[in-house]
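S.K.: The numbers in numbering that gives the first Met the number 0 rise by one with no breaks, and the one at position 128 of the sequence shown is 127.
We put the CB at the ideal spot given by N, CA and C, even for glycine.
All values derive from a computational prediction rather than experimental measurement.
Take a look at the following structure, please.
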Amino acid sequence: MDNVTDCGAEFDREHIDSGGTRMWKNKSVGDSQIFDCTPPDAWQPSRLVKERSAMIALLEQGGPTDERGWLNLAWRLPAGLRSALIKELAAGNWIVSISDTGWPHPGSVVVTMRGRFHANRRAPPQGVSWRAVNVPHYWREELSENIGDTEFLLIT
């Protein structure tokens with residue numbers, strides 16, 4: 000089984016035409032889903048903007064399914080945190096990875112962003128809290144939202 004998938008945003012959910020270069024790597028193990036995203040170095044800035052816009056459109060239009068994939072994990076984020084993710088993508092940030100490994104709680108989804116937060120630091124969406132962690136070995140800052148006892152995170 001091929002453990003690398005095309006990105007999935009521009010043309011459909013999980014299989015984006017990325018010019019023959021694959022962008023999302025499936026690093027899932029057992030029940031844990033882990034997807035790393037690395038845009039091809041050869042992409043021009045306009046291509047990255049187009050891809051980011053397509054990802055935003057998919058995040059705005061859908062909902063979770065039984066499928067496995069980066070997009071399904073993103074749809075599992077609570078509404079406020081998903082809104083924060085969309086704002087970050089729109090501000091030029093990029094997803095590095097998305098996972099549901101059972102940390103920090105069973106059912107949690109954690110999204111790691113490439114750069115520090117742009118759009119959400121001063122005014123996160125309702126229900127979302129921002130916190131400076133400033134431990135570069137782990138992460139610098141986080142946005143979190145809880146649903147019951149389950150915490151969902153965007154981290155930089």
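#1: Cα separation between Gly147 and Ala83?
#2: Pull up the DSSP beta-bridge partners for Leu142, would you.
#3: With a threshold of 6 Å on Cβ separation, who are the neighbours of Ser96 within its own chain once the five nearest residues in sequence on each side are excluded?
#4: So what does DSSP say about Ile94, is it helix, strand or coil?
#5: From Arg75 to Leu152, what distance separates their C-alpha atoms?
#6: Can you tell me where the alpha helix (DSSP H) holding Lys86 begins and where it ends?
#7: Whose C-alpha, out of Glu50, Gly106, Trp23, is nearest the C-alpha of Thr37?
M.R.: So, from the listed chains and residues:
#1: The residue you call residue 147 lines up with position 148 of the sequence shown. The residue you call residue 83 lines up with position 84 of the sequence shown. One C-alpha to the other measures close to 19 Å.
#2: On the sequence shown, residue 142 is found 143 positions in, with the first residue counted as 1. Note: Leu142 sits in a beta bridge opposite Trp129, Leu153.
#3: Within the sequence shown, the letter at position 97 stands for residue 96. Excluding positions up to five away in sequence, the list reads Asp35, Thr111.
#4: If you number the sequence shown from 1, residue 94 lands on position 95. Strand at Ile94.
#5: Position 76 of the sequence shown, counted from the first residue, corresponds to residue 75. Position 153 of the sequence shown, counted from the first residue, corresponds to residue 152. C-alpha separation (whole angstroms): 11 Å.
#6: Here residue 86 is taken as the residue at index 87 of the sequence shown, counted from 1. First-last of the alpha helix (DSSP H) with Lys86: 78-89.
#7: Start at 1 with the first residue of the sequence shown, and residue 37 comes out as number 38. Measuring from the Cα of Thr37, the nearest candidate turns out to be Trp23.
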